[in-house]
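Enquirer:
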Amino acid sequence: MTVIENLRPSTSSRPSGEGKRATAPKRLSRRHLTMWQIVTVLATLLVWTLIYISGAFSRELLPPVWEVAVRFVTLITESEFWFALGFTVSNALIGLLLAIIVGIPLGMVLGTSPALNRSTQFLVDLGRAFPVIALLPVMVLILGATAQMEIVVVFLGVVWPILLQTIDGAKRVEPVIADTVSAYRIPLRLRFIKVTLPNAAPFAVTGIRIASSASILIALGVEVLSVTPGIGGEISRAQTDGAPALALSYVIYAGIVGFLVNKVLWSVEGKLLAWNRQSVEAAA
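The end of the sequence shown is residue 302 by our numbering, with every number in the run present.
(1) Sort Pro216, Phe221, Pro132, Pro205 by Cα distance to leucine 181 and report the nearest one.
(2) Go to proline 220, then tell me how far its alpha helix (DSSP H) extends in each direction, as first and last residue.
(3) Where does glutamate 287 fall in DSSP's three states?
(4) Mind reading off the beta-carbon distance from valine 59 to glycine 113? Whole number of angstroms is fine, and I expect it under 8 angstroms.
(5) Starting from phenylalanine 90, trace the alpha helix (DSSP H) in both directions and tell me its first and last residue.
(6) From this set, Ile249, Leu153, Ala87, which residue's C-alpha is nearest glycine 273's C-alpha?
(7) Per DSSP, what kind of secondary structure is asparagine 24 in: helix, strand or coil?
(8) With 16 other CB atoms within 10 Å as the buried threshold, where does isoleucine 236 fall?
(9) Can you find the residues in the same chain that come closer than 8 angstroms, C-beta to C-beta, to alanine 40, ignoring five residues on each side of it along the sequence?
(10) My assumption, with CB atoms under 8 angstroms, is that glycine 187 sits in contact with glycine 129. Please give the rounded CB distance.
(11) Would glutamate 287 and threonine 224 qualify as a contact pair, given that the criterion is a beta-carbon distance under 9 angstroms?
(12) Evaluate contact between the segment 202-213 and the segment 253-264, counting only Cβ atoms and requiring at least three cross-stretch pairs below 8 angstroms.
(13) Please say whether phenylalanine 90 and phenylalanine 252 have beta carbons closer to each other than 9 angstroms?
(14) DSSP on threonine 164, reduced to helix/strand/coil?
(15) Do serine 108 and alanine 165 have their C-beta atoms closer together than 9 angstroms?
(16) Considering only the beta carbon of each residue, do glycine 121 and tryptophan 178 sit closer than 9 angstroms?
(17) What is the C-beta distance between isoleucine 226 and valine 279, in whole angstroms, given that I count them as a contact (C-beta under 8 angstroms)?
(18) To the nearest angstrom, report how far apart leucine 317 and isoleucine 118 are at their CA atoms.
(19) What's the gap between the Cα of tyrosine 70 and the Cα of leucine 80?
(20) Short check: CB of valine 170 to CB of leucine 161, under 9 angstroms?
(21) Thinking valine 86 and serine 254 are a contact (beta carbons under 8 angstroms), I'd like their distance in whole angstroms, please.
(22) Could you round the C-beta distance between alanine 256 and leucine 243 to whole angstroms and report it? I think they count as a contact, below 8 angstroms.
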């Protein structure tokens with residue numbers, strides 16, 4: 019028997035029902051979590067209905083639940099809804115993709131060069147603190163209320179979390195590894211592929227996940243303020259036309275889109291970075 023086999027846990031000494039007992043509480047907790055989520059949604063709808071019946075708010079501010087539900091369902095059959103949804107999501111994703119293309123390589127360069135990192139620190143801090151919506155009037159004057167304008171604003175808003183997370187990951191190479199790489203004079207290209215990139219990847223993916231939610235929010239904000247075609251533009255028009263149920267339906271769909279984008283990226287992150295989670299668990 020080898021050393022590896024000695025370290026491997028014995029399956030013969032493990033009770034046959036241990037795996038089932040271990041997974042049972044997890045299944046049970048998930049079931050309870052789902053149940054409580056449903057209860058929370060129903061309680062929210064009940065409170066909404068009670069507030070409407072009490073007359074605390076006017077119908078223009080808070081339409082009844084059933085009216086919003088009907089409008090929510092009928093929107094699916096309207097071509098304007100699908101055009102608005104596609105416009106918002108496509109512009110948000112294009113802006114996010116441009117931010118990934120720019121933010122990750124630039125973050126790798128700044129993270130691996132202390133001199134460049136220090137010299138650009140002020141500009142990076144200024145850029146991430148600047149409210150991107152403040153640029154909207156200038157962008158509308160230059161590009162108009164167009165898809166290109168929305169993509170540029172989304173890019174300027176979401177590039178910073180990707181850039182900062184990548185810089186942080188590229189800088190966090192363990193001193194022992196860095197000293198070993200320098201001592202053996204490993205070529206720069208190989209050092210980048212084998213050391214810097216794997217170290218920065220989990221941080222960059224986290225930045226992308228943060229930026230994905232922000233991209234949808236920024237796209238909606240741009241559309242509401244500039245009346246650009248899209249979900250935000252439809253919300254603004256519905257408010258102007260005195261259709262609060264329609265406006266709330268679009269708001270709910272916008273929330274669903276953001277939720278789904280975040281869930282998809284969580285799943286992708288888990289699959290792409292499974293090696294990182296396994297190495298962390300092995301080290302623990």
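Glycine included, each C-beta is placed from N, C-alpha and C at the ideal position.
Expert: Straight from the coordinates:
(1) Phe221
(2) 215-244
(3) helix
(4) Actually they do not touch by this definition, with Cβ atoms about 31 angstroms apart.
(5) 83-92
(6) Ile249
(7) In this predicted model, asparagine 24 has a pLDDT of only 40, less than 50, meaning its place in the structure is not dependable; the value taken from the coordinates is given anyway. Of the three classes helix, strand and coil, the one that applies to asparagine 24 here is helix, per DSSP.
(8) buried
(9) For alanine 40, the predicted structure reports a pLDDT of 49, less than 50, and the residue's modelled location is therefore unreliable. The matter cannot be settled from this model.
(10) 7 angstroms
(11) yes
(12) no
(13) Here residue 252 is glutamate; the residue named in the question, phenylalanine, does not match the sequence. Their beta carbons are not under 9 angstroms apart, which means glutamate 252 does not touch phenylalanine 90 by this criterion.
(14) coil
(15) yes
(16) yes
(17) Between valine 279 and isoleucine 226 the Cβ distance is about 11 angstroms, and since that is not below 8 angstroms, they are no contact.
(18) What is shown of the chain runs 19 to 302, which leaves residue 317 out entirely.
(19) 7 angstroms
(20) yes
(21) Rounded, the Cβ-Cβ distance is 18 angstroms, inconsistent with contact.
(22) Their Cβ separation, rounded to whole angstroms, is 15 angstroms, which puts alanine 256 and leucine 243 out of contact at 8 angstroms.
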